[in-house]
Amino acid sequence: MELETVILDDGIEYAVIKELKINNTLYTLFANVNDSEDICYRKTVNENGEEYYVGLDDDKEFDLVVNYFAKNILEENG
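Under the working numbering, the first residue of the sequence shown carries the number 37, and numbering increases by one thereafter.
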């Protein structure tokens with residue numbers, strides 16, 4: 037299976053691991069292609085018809101996203 041990869045704002049290439057829609061926002065879990073322990077979450081925003089990945093707003097949003105992804109992954113593997 038070929039993973040989709042993107043270069044994020046830190047200049048590092050990341051693989052798209054999983055996407056989930058939470059409260060009408062699309063969130064993506066990324067893993068560094070050269071270091072699988074380096075992961076990050078981004079949300080997709082649409083501005084002027086263009087889609088962009090942006091960082092999460094705050095710790096509350098981060099906690100929400102981490103919990104949703106963890107629950108989803110556990111359900112898939114459980």
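All C-beta atoms, glycine included, are put in the ideal place defined by N, C-alpha and C. Model, not experiment: these values are computed from the prediction.
#1: Would you tell me roughly how many angstroms separate the C-alpha atoms of F66 and G85, rounded to the nearest one?
#2: Whose C-beta lies closer than 7 Å to the C-beta of V90 among residues of the same chain, with five residues either side of it excluded?
#3: Would you give the residue range spanned by the beta strand (DSSP E) that I43 belongs to?
#4: Return yes when the Cβ of T41 is within less than 8 Å of the Cβ of Y50, no when it is not.
#5: Classify L100 as helix, strand or coil using the three-state DSSP reduction.
In terms of the structure at hand:
#1: In the sequence shown, counting from the first residue as 1, residue 66 sits at position 30. In the sequence shown, counting from the first residue as 1, residue 85 sits at position 49. Each residue's alpha carbon lies about 23 Å from the other.
#2: Counted from its first residue, the sequence shown places residue 90 at position 54. If we look at V90 and ignore the five residues flanking it on each side, its Cβ neighbours are R78, K79 and V81.
#3: Against the sequence shown, residue 43 aligns to sequence position 7. Per DSSP, I43 belongs to the beta strand (DSSP E) from T41 to I43.
#4: To locate residue 50, count along the sequence shown from 1; it is residue 14. To locate residue 41, count along the sequence shown from 1; it is residue 5. Their beta carbons are under 8 Å apart, which means Y50 touches T41 by this criterion.
#5: Against the sequence shown, residue 100 aligns to sequence position 64. If DSSP states are grouped into helix, strand and coil, L100 belongs with the helices.
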